[in-house]
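Student: In this note's numbering, the protein residues as written are 5 to 431. Cβ atoms here follow ideal geometry from the backbone N, Cα and C, with glycine treated the same way.
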Amino acid sequence: MADVAVIGAGALGMAGARRLAQGGASVTVYEREPRAGGLTAGFKVGANWLDKFYHHLFRTDRRMIGLFDELGLGDRLQWGKPPTAVLRNGQIHPLAGPVEVLKFSPLSPLARIRLGAAIAALKVIPDPERFEGQTAARWLQRWMGQEAYEVVWEPQLRGKFGAEAERIGMPWFWARIHDRTPQLGYPRGGFQVLYDALAADLEAGGSTLQTGTAVESIARRGDKLILTTPHGDQPFDAVLCSLPTRLFLRITTDLPDSYVPQFSQTGDHISAHCLILELDRKLQDAYWVSVADPGYPFVALVEHTNWMPASDYGGSHLVYLGNYLPPDHELFGMSDEDVLERFLPHLSRVNPAFDRSWVKAAHVFQAPYAQPIVGVGYRESLPPHRTPLPGLWLANMGHVYPHDRGQNYSAILGEEVADRILAELPA
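(1) Whole angstroms are fine: how far does the CA of Ile-377 sit from the CA of Gly-410?
(2) Among the residues of its own chain, which have a CB less than 7 Å from the CB of Phe-362, if the five just before and after it don't count?
(3) Evaluate Gly-120 with the Cβ neighbour count: other Cβ atoms within 10 Å of its Cβ, from every protein chain shown; 16 or more gives buried, anything less gives exposed.
(4) Hey, quick one: how far does the beta strand (DSSP E) through Gly-189 stretch, first residue to last?
(5) Could you tell me which of Leu-253, His-367, Tyr-324 and Arg-353 sits nearest to Trp-397, measuring between CA atoms?
(6) If you check the beta carbons only, do Pro-130 and Pro-406 fall under 7 Å apart?
(7) Can you list, in chain order, the residues of its chain with a C-beta nearer than 7 Å to that of Pro-186? Leave out the 5 residues immediately preceding and following it.
(8) May I ask you to verify whether the stretch 29–41 touches the stretch 199–213, counting CB pairs closer than 8 Å and requiring at least 3?
(9) Could you tell me which of Ala-296, Tyr-263 and Arg-225 sits nearest to Gln-238, measuring between CA atoms?
(10) Taking the alpha-carbon positions, what's the Arg-146 to Glu-154 distance?
(11) How should Glu-428 be labelled, buried or exposed, when 16 other C-beta atoms within 10 angstroms of its C-beta is the threshold for buried?
(12) Excluding the 5 residues flanking Pro-372 on each side, which residues of the same chain have their C-beta closer than 8 Å to its C-beta?
(13) Measure from the alpha carbon of Leu-287 to the alpha carbon of each residue in Val-295, Cys-278, Val-243 and His-308, then state which is nearest.
(14) Anyone know if the C-beta pair for Trp-1 and Gly-189 falls short of 7 Å?
(15) First and last residue of the alpha helix (DSSP H) that includes Asn-412?
(16) Near Arg-118, what residues of its chain come up, given a Cβ to Cβ distance below 7 Å and the 5 sequence neighbours on each side ignored?
(17) Leaving out the 5 sequence neighbours to the left and right, which residues in its chain are closer than 6 Å to Phe-369 when beta-carbon positions are compared?
(18) Suppose the cutoff is 7 Å on Cβ atoms and the five residues either side in sequence are ignored; what does the same chain contact list for Phe-358 look like?
(19) Ends of the beta strand (DSSP E) at Val-31?
(20) Please state whether DSSP places His-308 in a helix, a strand or coil.
(21) Just list the residues that DSSP pairs Lys-228 with in beta bridges.
(22) Mapping the DSSP letters down to three states, classify Val-378 as helix, strand or coil.
(23) Given a threshold of 16 other Cβ atoms within 10 Å of its Cβ, counted over all protein chains shown, does Gln-95 qualify as buried or as exposed?
(24) Hey, could you find the ends of the alpha helix (DSSP H) Ala-9 is sitting in?
(25) Please classify Leu-54: is it buried, with 16 or more other beta-carbons within 10 angstroms of its beta-carbon, or exposed?
(26) Taking Ala-314 as the reference, give the member of Ala-45, Ala-51 and Met-18 with the closest Cα.
(27) Is the separation between the beta-carbon of Val-105 and that of Ala-296 shorter than 7 Å?
(28) Take every Cβ of the stretch 6–21, pair it with every Cβ of the stretch 41–49, and state whether three or more of those distances are shorter than 8 Å.
(29) Tell me the DSSP secondary structure of Glu-282 in three-state form.
(30) Which one or two residues does DSSP pair with Asp-55 in a beta bridge?
(31) Among Lys-48, Ala-9, Glu-207 and Leu-247, whose alpha-carbon lies nearest the alpha-carbon of Ser-320?
(32) Quick one: what's Arg-92 bridged to in DSSP?
(33) Going residue by residue through the stretch 298–364, where are the continuous beta strand (DSSP E) segments of at least 3 residues, counting only ones entirely within it?
(34) Throw me the rounded Cβ distance for the Ile-416 and Leu-24 pair, which I believe falls under 8 Å.
(35) Indicate the three-state DSSP secondary structure (helix, strand or coil) for Gln-145 in the structure shown.
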C-alpha cells in the first residue's frame with residue numbers, strides 16, 4: 005500500500021485525501037490549525053459552530069452538495085433566497101435579481117437596463133475563453149457603462165483587490181456572475197460539521213489526520229519524499245500539497261533553479277480580516293450588504309442571522325464585517341479592542357439607532373492567503389500540478405481559476421489531482 009501525504013485540511017485537501025483513501029492509499033493529512041476546515045473552519049457560538057469567515061453554497065456547487073449527501077448530512081443544508089443588497093448613498097438598496105436591478109435607484113433607468121442586460125449575457129455565455137486578455141474594469145465600462153461601473157462594480161473591485169483592481173482579469177469576473185444562483189445554501193450548525201465528518205470518515209478508514217502540525221519542509225531523498233514537522237521526518241511515496249504557491253516554494257527544497265523565479269509571482273494574495281459581532285438585536289434587514297460608499301473600514305456587512313435563526317447561536321444576532329487588505333495593512337497589527345473602536349462608529353451610519361451596548365461579544369480573525377490576485381494572463385502563470393520532484397503534486401485555490409476560491413471548485417480539483425496521483429502509484 006502506497007503512503008501518501010496531504011498538506012492542508014481545507015476543502016481541496018480533505019476531498020483529495022478522501023479520494024486517495026478510497027483508491028487504496030494509506031493517507032496522512034497534515035494541518036497546522038487545530039481543526040480541519042481551512043478558511044471554512046469554525047468556532048463555537050452557543051451550541052453551534054460559526055465560520056470564522058462568511059461562506060455559503062450556490063445551487064451550482066454540486067460537488068459540495070454531493071459531499072454533504074455522501075456523509076449523511078444532506079438534511080442539514082438549508083436553502084433559501086436571503087436578501088442581498090448594496091449600500092450606496094447612505095441607503096441599503098436590494099440588488100438580488102432582475103426586478104431589484106430595474107428598481108435600483110442609484111442608477112439611471114438606462115444604466116439599470118444596461119446592467120441587467122450585461123449580467124444576463126454573462127449568465128448564458130458558457131465559458132470565459134472570449135474574455136482572456138481583457139480586464140474586468142475595461143469590459144464592465146464598455147458593456148455595462150461607466151455609470152454602472154462607478155456605482156456598483158468599481159467599489160467592489162477596489163474593496164476586494166485595492167490597488168490591483170484595474171488589472172483583474174475578466175474571466176474571473178465572468179465566473180463570479182456565471183457560477184452564482186439566487187438560491188443560497190448553508191448547513192445548520194456551520195460548515196465545520198462537514199469537515200469534522202470528513203475527518204471522522206478518513207480516520208474510520210484507517211487514514212491519519214494530524215492537526216496542529218505544520219509541515220516545515222518537503223525534500224526528495226532517493227525514491228521517497230520526506231516531510232519534516234515538529235515531530236520529525238516522515239517518508240512518503242507521494243505528496244499532495246494544497247498550500248498557497250508562495251508557501252510551497254518557501255518550504256520545498258531541491259526544486260530546479262529556474263522553477264522558483266518562474267512561479268514566485270503567482271503567489272501574490274490579498275489577505276482577509278473579519279470582525280464578527282454578537283449583538284443582542286438585529287442591526288438591519290439584509291443578509292449580505294456590499295459596501296459601495298466611501299469611508300467605511302469594511303467592504304462587506306453580512307448579517308448571518310438574517311438567514312439562519314439567532315436561536316441557533318444562543319440568541320445572538322451575528323454580523324460579519326469583512327475586509328480584503330494587503331498583508332502589511334495596519335489592521336493586522338491592531339488589538340481586537342482597537343479594531344472595535346475603528347469599526348463600531350460606522351454602524352451608526354448603517355442604523356442610526358445602533359449603540360455600543362448592543363454588542364455582547366466580538367471576535368477578530370485574519371487569513372494571510374485569502375484571495376489570489378487574478379490578473380490578465382493569470383492562467384498561464386500557474387505552476388503545473390505535477391512539480392519537478394517526482395511524486396510531489398501542487399494544487400491550491402489559485403488553480404481553480406477562473407472560478408472564485410469557493411469550496412466546490414477546490415473539492416473538485418482535490419479529487420481530480422488525487423485521481424492522477426492514484427494512477428501513477430505502484431499497484
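Tutor: Once the coordinates are examined:
(1) Looking at the two C-alpha atoms, the distance is approximately 15 Å.
(2) The sequence as given places Trp at residue 362; Phe does not occur at that position. Answer for Trp-362: Leu-283, Asp-284 and Arg-285, listed in chain order.
(3) The residue is buried, with at least 16 neighbouring Cβ atoms inside 10 Å.
(4) First-last of the beta strand (DSSP E) with Gly-189: 188–191.
(5) The shortest CA-to-CA distance from Trp-397 to any of Leu-253, His-367, Tyr-324 and Arg-353 is the one to Leu-253.
(6) Not a contact, by the Cβ cut-off of 7 Å.
(7) The residues are Lys-85, Ala-100 and Gly-101.
(8) Yes, since at least three Cβ pairs between the stretch 29–41 and the stretch 199–213 fall closer than 8 Å, the two stretches touch.
(9) Nearest option by C-alpha distance: Arg-225.
(10) Roughly 12 Å separates the two Cα atoms.
(11) Glu-428 comes out exposed.
(12) His-273, Ser-275 and Pro-331, listed in sequence order.
(13) Of all alpha-carbon atoms in Val-295, Cys-278, Val-243 and His-308, the one lying nearest the alpha-carbon of Leu-287 is that of His-308.
(14) Summary: the structure shown does not reach residue 1, with the chain confined to residues 5 through 431, and so no result is reported for it.
(15) Residues 411–428.
(16) Met-148, Gly-149 and Ala-152.
(17) Only residues of its own chain outside the window of five on either side were considered, and among them Lys-56 and Cys-278 have a CB closer than 6 Å to the CB of Phe-369, listed in chain order.
(18) Around Phe-358: Leu-287, Leu-351 and Ser-352.
(19) Annotation for Val-31: the continuous beta strand (DSSP E) segment containing it runs 30–35.
(20) Helix.
(21) In DSSP, Lys-228 forms a bridge with Arg-225.
(22) The answer is coil: DSSP assigns Val-378 none of H, G, I, E or B.
(23) Only exposed fits Gln-95, as fewer than 16 other CB atoms lie within 10 angstroms of its CB.
(24) Unbroken run through Ala-9 is the beta strand (DSSP E), 7–11; no alpha helix (DSSP H).
(25) Residue environment analysis places Leu-54 among the buried positions, since at least 16 neighbouring C-beta atoms fall within 10 angstroms of its C-beta.
(26) Of the candidates Ala-45, Ala-51 and Met-18, the one whose C-alpha sits nearest the C-alpha of Ala-314 is Ala-51.
(27) In this structure, the beta-carbon distance from Val-105 to Ala-296 does not fall below 7 Å.
(28) The answer is yes - the stretch 41–49 touches the stretch 6–21, with three or more Cβ pairs under 8 Å.
(29) Note: Glu-282 maps to strand in three-state DSSP.
(30) Among the bridge pairs identified by DSSP, Asp-55 is matched with Gly-46.
(31) Nearest C-alpha to Ser-320: Lys-48.
(32) DSSP, once it has assigned bridges, lists Gln-95 as partnering Arg-92.
(33) Counting whole runs of 3 or more residues, the stretch 298–364 contains the beta strand (DSSP E) stretches 304–307 and 321–329.
(34) Not confirmed; about 15 Å, so no contact.
(35) The DSSP-derived three-state label of Gln-145 is helix.
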